[in-house]
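In numbering that gives the first Met the number 0, the protein residues as written are 0 to 200. Data first, discussion second: the structure below is written as structure tokens.
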Amino acid sequence: MTRPTPPTRPRKRARTAGVLLLGSAAFGLAACQEDRVEATVFPSVEECRALAELPQNDFTVDDCASGFAEAQEVHRESAPRYESEALCEEQHGGECAVETRSDGSSIFLPLLAGYMIGNMMGGRGMGAKPLYRTPGGSFATPGGGTVLSGNRGSTTLRSSSFGASPNTRTAAPLSRAAVQSRGGFGAARTGGGFGGRSFGG
0 MTRPTPPTRP
10 RKRARTAGVL
20 LLGSAAFGLA
30 ACQEDRVEAT
40 VFPSVEECRA
50 LAELPQNDFT
60 VDDCASGFAE
70 AQEVHRESAP
80 RYESEALCEE
90 QHGGECAVET
100 RSDGSSIFLP
110 LLAGYMIGNM
120 MGGRGMGAKP
130 LYRTPGGSFA
140 TPGGGTVLSG
150 NRGSTTLRSS
160 SFGASPNTRT
170 AAPLSRAAVQ
180 SRGGFGAART
190 GGGFGGRSFG
200 G
């Protein structure tokens, strides 16, 4: 008697990868499937557009542009802001931009080191967040709560990684004492990891 052939498991569409999740977005075994978002990370909108042309990737050139525009808007409202240029450069490993407030005081913001886009659940479209370099060479979202080991590739994050960031435009700029109290930018949260394959092309 011929034994029935066991049903094959549907193959999940291959996603590009290469980012190791280090921060609070790491999910535990109890996390619900609905709470996960597939996220893709890029150092620039130009690289995103180039990769969108590859058939194995499921984001589009339009996703790249709209995601970058959203990341820039979040950056304008929620970027970490420091009271001194030296402190900003220490925390983000490079040049910072100066911003003048209405009272004439100057504060300092890190430059974007990339951005991530995520296909949000529930038909809510694409979400995006800017990324900044951390003192340890990783990359983090504006509040430092989601930390990634690199700025290109893909991973799976909690949907809260794309939630609203605190507005820092009128908040008191970060002092050295404030930064040290949380162990540096991107060091306030810790967690597990998730890895995968690297981009093709």
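Virtual Cβ for every residue (Gly too), placed ideally from N, Cα, C. Here the structure is a predicted model, which means the values were calculated and not measured.
Three-state secondary structure assigned by DSSP to residue 48: Within the sequence shown, the letter at position 49 stands for residue 48. Helix at residue 48.
Whole-angstrom distance between residue 158 and residue 61, CA atom to CA atom: On the sequence shown, residue 61 is found 62 positions in, with the first residue counted as 1. On the sequence shown, residue 158 is found 159 positions in, with the first residue counted as 1. Cα to Cα, residue 61 sits roughly 21 Å from residue 158.
Pick from 35, 116 and 129 that is closest to residue 75, judged by C-alpha positions: The residue you call residue 75 lines up with position 76 of the sequence shown. The shortest Cα separation from residue 75 among 35, 116 and 129 belongs to 129.
Could you work out which residue in 66, 45, 139 and 70 is closest to residue 91 when comparing CA atoms only? Counted from its first residue, the sequence shown places residue 91 at position 92. The shortest Cα separation from residue 91 among 66, 45, 139 and 70 belongs to 139.
Thinking residue 142 and residue 165 are a contact (beta carbons under 8 Å), I'd like their distance in whole angstroms, please. Start at 1 with the first residue of the sequence shown, and residue 142 comes out as number 143. Start at 1 with the first residue of the sequence shown, and residue 165 comes out as number 166. About 6 Å separates the two Cβ atoms, so the contact holds.
Helix or strand or just coil, what does DSSP make of residue 181? Position 182 of the sequence shown, counted from the start, is the residue given in the question as residue 181. Note: residue 181 maps to coil in three-state DSSP.
DSSP state of residue 67, grouped into three classes? Taking the first residue of the sequence shown as 1, we reach residue 67 at position 68. Note: residue 67 maps to helix in three-state DSSP.
Measuring alpha carbon to alpha carbon, tell me which residue in 89, 162 and 97 is nearest residue 179. Your numbering for residue 179 matches position 180 in the sequence shown. Residue 179 has its Cα closest to that of 89, out of 89, 162 and 97.
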